[in-house]
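Working notes, beginning with the structure itself.
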Amino acid sequence: MTDAFRCSWASRAREDSMIATAPPARRWLLIEREGPWPRRALDVFAPPAAREVAARAQALGARVSLIRRPARHPRTSGPFRWAVADIRPGREGIRWNMAESLDEVVHTPWDVDRGEGEPVALVCCHSKHDVCCALRGRPVAAAMDPLWPGRVWECSHLGGDRFAATAVLLPRGLCYGRLDPEVGPATLNAYDQDLVIPEHLRGRSAFSRHVQAAQALVRQAGFGSDAIDGLRPVHVAALDDGVTEVTLADPDVRIRFREREVALGTPATCHAAKPGTGMEYETVSIS
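Structure (structure tokens):
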């Protein structure tokens with residue numbers, strides 16, 4: 385592809401489905417780091433410390449994001465903020481700490497009390513990973529910041545570069561895509577009302593892709609609730625012929641659907657050399 389290729393523009397032109405593309409996690413680790421980030425964000429730290437953080441995060445089901453304030457700020461030495469968000473439904477909370485080194489992050493308990501902390505928004509602006517994230521993400525972060533002052537952060541790679549601008553709202557773990565300076569702030573207003581914006585919701589990271597898909601398909605069909613905690617998963621079962629059945633509550637719905645891999649025709653990211661693939665979901669029945 386030429387230097388002019390931009391994955392998010394190609395994805396919007398194709399109208400790629402964003403259903404069930406929220407990265408799976410139980411927790412989220414946030415580490416403040418101003419200045420530019422390398423393509424692999426943790427490479428900004430010394431390898432031994434980075435490996436320890438990555439290992440502990442993996443053991444606890446935590447996704448790691450570097451964060452910085454919207455707009456450009458020079459890198460400084462000294463203490464930095466970091467936080468752990470527990471995004472599991474019924475346990476949501478976020479705890480902030482200060483540290484002098486990554487060693488403190490690794491060896492400080494990552495416990496979080498339910499209901500602790502105010503919600504935060506992370507908007508991917510990781511240009512070294514994918515230029516679309518910076519081109520689309522930075523204006524969105526700037527537009528969201530006045531609504532949640534001090535609680536909106538630019539962050540490193542969230543996944544789903546072709547859906548830029550992408551964001552995650554913590555501690556509920558709501559992942560959004562194809563945001564712009566109008567829709568981004570709207571997601572915060574919706575969050576404050578315990579609602580989601582289904583058209584831009586990629587999924588909730590605490591749930592499996594099958595639950596994410598079921599919730600999205602039910603909402604698309606007009607059977608579901610836009611409440612954040614609506615459509616609570618009750619049971620997931622694999623049936624014959626590649627059909628998945630998911631039972632949801634609040635309201636009570638049972639959906640059966642199929643998933644299939646589709647060719648995108650172009651790379652899934654700006655850096656990829658070959659055309660990528662995506663997943664699509666088709667409803668079989670809703671009752």
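Taken in order, the sequence shown gives residues 385 to 671; the numbers are from the numbering used here. Idealized CB from N, CA, C, for every residue including glycine.
Between the region 590-609 and the region 636-649 there are three or more C-beta pairs closer than 8 angstroms, enough to call the two in contact. Shown here, Pro569 sits in a helix according to DSSP, grouped into three states.
Under the three-state reduction of DSSP, Glu643 is assigned to strand.
Ranking Ser589, Leu632 and Glu538 by CA distance to the CA of Leu519 puts Glu538 first. His619 sits in a strand when the DSSP states are folded into three classes. Here Leu623 is exposed. Its C-beta has fewer than 16 other C-beta atoms within 10 Å. In the displayed model, Ser669 falls within a strand according to three-state DSSP.
Boundaries of the alpha helix (DSSP H) harbouring Gly521: Val515 to Met528, taken from the DSSP string. DSSP, reduced to helix, strand and coil, places Asp470 within a strand of the structure shown. Remark: C-beta atoms of Arg498 and Ala590 do not approach each other more closely than 8 angstroms. One Cα belongs to Leu531, the other to Glu566, and the distance between them is close to 12 angstroms. Comparing alpha carbon positions, the residue from Ala483, Arg453, Trp494 and Leu648 closest to Cys508 is Arg453. Assigned with DSSP and collapsed to three states, Arg396 falls in helix. No residue range can be given for Arg535, since it is assigned to no alpha helix (DSSP H) and is classified by DSSP as neither H nor E.
Of the candidates Ala425, Arg562, Arg396 and Pro555, Ala425 places its Cα closest to the Cα of Ser540.
For Arg593 against Arg396, the beta-carbon gap comes to about 22 angstroms, at or over 8 angstroms, which does not count as contact.
CA-CA distance, Met528 to Val489, rounds to 28 angstroms.
If you check the CB distance, Ala469 and Val496 come in under 8 angstroms. Beta-bridge partners assigned by DSSP to Phe464: Ala483.
Assignment of beta-bridge partners to Tyr560 by DSSP yields Ala551 and Leu585.
Of all alpha-carbon atoms in Ala394, Glu436, Gly445 and Arg398, the one lying nearest the alpha-carbon of Arg410 is that of Gly445. In summary, Asp400 is buried, with 16 or more beta-carbon neighbours lying within 10 Å of its beta-carbon over all protein chains present. Boundaries for Leu414: no alpha helix (DSSP H) harbours it, while the beta strand (DSSP E) harbouring it runs Arg411 to Glu416, taken from the DSSP string. In terms of Cα proximity to Gly474, the closest of Ala430, Pro493 and Glu500 is Glu500.
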